[in-house]
Amino acid sequence: MDIIDWDDLIKNEPWTEESAVTIGVFDGVHRGHRALFDRITRSPYRSVIVTFKVSPRQFFHKNSYSGDIVALERKLELFTEAGLDACVLIDFSEDFSRITGRAFVGRLSRAVNIRYIVIGSDFHCGYRNDTDATAIRQLAVASGISVEVVPPVMEGGLPISSSRIRHALASGEYGLAASLLGRGIERL
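When we follow our numbering, the leftmost residue of the sequence shown carries the number 43, and every step to the right adds one.
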């Protein structure tokens, strides 16, 4: 898997190869995340995941952020195991936090030649979370890009989420955490 720095990506020439993209924090790289990955890796395009070196939550909530489920290095291993072709890493900063979702998606689309975007139904991005899944769909369709908004993967009547996994780990419910992750927890 190729690892590309966001700043380098937007400074260089746009890709000619078409890409399928998913965007998110992907903390834990759980079964819900893998539902997104499966769609882009099955597409005819280069599969690209866009994520962060450090969680935006850590940036905004330094004193209350409970930490990541898995470290960045482990995330990258899991992305590789999922068969993703490239990972764009964003170094979240004060400047980056002020980019609107529309501007971010526009820059990304031009840089990696997006043909297909896959996001979760609860997706938000941009300055003050100004862009949601509906707005992404509108932006993409206007640019001739296919969009798939994926509903949450459920277990036990509840959506699988990083927050739910954190809670399970904190409560000592290791079997539940492993089930939500879709793998053992011995090596998060």
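Beta carbons are placed, not taken as given, at the ideal position from N, Cα and C, and that holds for glycine.
These numbers come from a predicted model, not from an experiment.
Next on the checklist: I'd like to know if the stretch 183 to 195 and the stretch 204 to 217 are in contact, where contact means that at least 3 CB-CB pairs between them fall below 8 Å.
Outcome noted: no
Checklist entry - So, using beta-carbon positions, are F79 and T93 closer together than 8 Å? => result The residue you call residue 79 lines up with position 37 of the sequence shown. The residue you call residue 93 lines up with position 51 of the sequence shown. Taking a C-beta distance under 8 Å as the contact criterion, F79 and T93 do not qualify as a contact pair.
Next on the checklist: For a quick check, are the C-beta atoms of R144 and G168 less than 8 Å apart?
Outcome noted: The count along the sequence shown starts at 1 and reaches residue 144 at position 102. The count along the sequence shown starts at 1 and reaches residue 168 at position 126. The answer is yes: Cβ separation under 8 Å.
Item to check | Nearest-angstrom Cβ-Cβ length linking R157 and S61, presumed shorter than 8 Å | outcome: Walking along the sequence shown from the start, residue 157 turns up at place 115. Walking along the sequence shown from the start, residue 61 turns up at place 19. Rounded, the Cβ-Cβ distance is 7 Å, consistent with contact.
Item to check | Segments assigned alpha helix (DSSP H), at least 4 residues, entirely inside the stretch 162 to 228 | outcome: 175 to 184, 204 to 212, 216 to 223
Item to check | Collapsed DSSP secondary structure at L131 in the structure displayed | outcome: Translated into the one-based positions of the sequence shown, residue 131 becomes position 89. Residue state, collapsed to three classes: strand.
Item to check | Contained beta strand (DSSP E) runs [length at least 3] in the stretch 66 to 152, N- to C-terminal order | outcome: Considered as a whole, the stretch 66 to 152 harbours 88 to 94, 128 to 132 as its complete beta strand (DSSP E) runs of no fewer than 3 residues, in chain order.
Next on the checklist: Within a Cβ cutoff of 8 Å, which residues of the same chain sit near R76, ignoring the five residues on either side of it in sequence?
Outcome noted: Stepping through the sequence shown from its first residue, residue 76 is reached at position 34. The residues are A124, G224.
Checklist entry - L114 to K95, Cα distance in whole Å? => result Position 72 of the sequence shown, counting from 1, holds the residue named residue 114. Position 53 of the sequence shown, counting from 1, holds the residue named residue 95. Between L114 and K95, the C-alpha separation is close to 7 Å.
Item to check | Close-in-space but distant-in-sequence residues of the same chain around D110 (CB under 7 Å, 5 per side omitted) | outcome: For the purposes of this step, residue 110 is taken as residue 68 along the sequence shown, with counting starting at 1. Answer for D110: D69, S97, listed in chain order.
Item to check | Beta-carbon spacing of G74, I178 below 8 Å | outcome: Mapped onto the sequence shown, residue 74 falls at position 32. Mapped onto the sequence shown, residue 178 falls at position 136. Not a contact, by the Cβ cut-off of 8 Å.
Item to check | Where R170 falls, given that 16 or more other Cβ within 10 Å makes a residue buried | outcome: Translated into positions along the sequence shown, residue 170 becomes position 128. The residue is exposed, with fewer than 16 neighbouring Cβ atoms inside 10 Å.
Next on the checklist: I need the straight-line Cα distance from I91 to V67, nearest angstrom please.
Outcome noted: Walking along the sequence shown from the start, residue 91 turns up at place 49. Walking along the sequence shown from the start, residue 67 turns up at place 25. If you take the alpha carbons of I91 and V67, they lie about 10 Å apart.
Item to check | Beta-carbon gap between W48 and L131 smaller than 8 Å | outcome: Walking along the sequence shown from the start, residue 48 turns up at place 6. Walking along the sequence shown from the start, residue 131 turns up at place 89. Taking 8 Å as the Cβ cut-off, W48 and L131 qualify as a contacting pair.
Item to check | Terminal residues of the alpha helix (DSSP H) in which W284 lies | outcome: A query on residue 284 cannot be resolved here, the shown segment of the chain reaching from 43 to 230 and no further.
Item to check | Option in V189, I187, A153, R140 with minimal Cα separation from W57 | outcome: What you label residue 57 is simply residue 15 of the sequence shown in a count that begins at 1. Comparing Cα-Cα distances from W57 to each of V189, I187, A153, R140, the minimum goes to A153.
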